[in-house]
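Scroll down for the structure; my scribbles are underneath it.
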Amino acid sequence: MKTGILFDLDGTLLNTLEDLLDAANYALRQCGYPARTLEQMRRSVGNGAENQIRTSLPEGTPREEVLRVLGVYKPYYTAHCQIKTRPYDGILEALAVLRERYPIAIVSNKPDAAVKALCAEQFP
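The opening residue of the sequence shown carries number 410 in the numbering used here; numbering runs sequentially from there.
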């Protein structure tokens, strides 16, 4: 018997890739690194912001440098995380149907405040 349904947020309910790319490229350029393409970024997301930045930098970049770039990335992403982000086609309708029968929730490695802000905007 199903008692509830859990969803990931980024890449499952919401297409956040372009906002993640824009924030990473802003941080990379501010710190003297070249920008990444959408396809390069697609391979870098999925395991948290630190991993996203680490895999966007040259191999062997010291962790201190990764954290420096991450320090530029995080506030920029927080301020710009909903410019291009949208639910995938059909998600709102699917969630409406599921909500009628099951409790639903989101599980994410994104910071809680960001999850709540995105959900408030994208799933009113």
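Note that beta-carbon positions come from the ideal geometry of N, C-alpha and C, so glycine has one too. The structure displayed is predicted, hence computed values, not measured ones.
About 5 Å separates the beta carbons of V478 and I462, which is inside the 8 Å limit, making them a contact pair. Only residues of its own chain outside the window of five on either side were considered, and among them G413 and L415 have a CB closer than 7 Å to the CB of A514, listed in chain order. With fewer than 16 other Cβ atoms inside 10 Å of its own Cβ, K525 counts as exposed. Counting C-beta pairs closer than 8 Å gives fewer than three between the segment 491-506 and the segment 435-452, which falls short of the contact rule. Bounds of any beta strand (DSSP E) do not take in I462; it lies within the alpha helix (DSSP H) bounded by A458 to R463. If you draw a straight line from the Cα of L466 to the Cα of A529, it comes to about 32 Å.
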